[in-house]
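Read the structure below first, then the notes.
Numbering (our numbering), first residue to last: 3 to 141.
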């Protein structure tokens, strides 16, 4: 009988950091940047895109469910984007300050929350390693 597994994520190699902020969760997500200025534009976000915006509120939840990752200019550990990202189990980098100007709409990025408290948004779709740790085998 298999015990519980803990899945860890790691980047095989890194590229240029385009934006950084506070990491929410410990996963890595990637996809096409969708710069969204207001809730009225949320139809532009397709499943697997990276949602990039100033900040989110409850009106944004339908689009957040489609995103592979969320990146915001403003917010901290307890902001709306952080809470919803935790609920959905997707990585978010919040409080970047300049994400909406540093990231280009339509470009591919990798959003890493697997490097501690700081979350980084890397240029390009990087290779992600997953490591499964059996909890009953931990010392």
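No residue lacks a Cβ here, since even glycine has one placed at the ideal position from N, Cα and C.
How is residue 87 classed by DSSP in three states: helix, strand or coil? helix
Please confirm whether residue 20 and residue 104 have their CB atoms less than 7 Å apart. yes
Please classify residue 83 as buried or exposed, where buried requires at least 16 neighbouring CB atoms within 10 angstroms. buried
To the nearest angstrom, how far is the alpha carbon of residue 11 from that of residue 116? 6 Å
I need the straight-line Cα distance from residue 74 to residue 93, nearest angstrom please. Rounded to whole angstroms, the gap between the alpha carbons of residue 74 and residue 93 is 12 Å.
Relative to the alpha-carbon of residue 65, which residue among 29, 17, 78, 39 has its alpha-carbon at the smallest distance? Here the closest residue by C-alpha is 39.
Output the boundary residues of the alpha helix (DSSP H) element that contains residue 103. 101-104
Helix, strand or coil at residue 137 [DSSP, three-state]: helix
Taking just the CA atoms, how far does residue 28 sit from residue 135? Roughly 14 Å between the two C-alpha positions.
Around the Cβ of residue 133, are there at least 16 other Cβ atoms within 10 angstroms (buried) or fewer (exposed)? The residue is exposed, with fewer than 16 neighbouring Cβ atoms inside 10 Å.
Hey, residue 98 and residue 23 are a contact pair by Cβ (cut 8 Å); roughly how many whole angstroms apart? 4 Å
Give me the residue from 60, 5, 59, 108 with the minimum Cα distance to residue 125. 108
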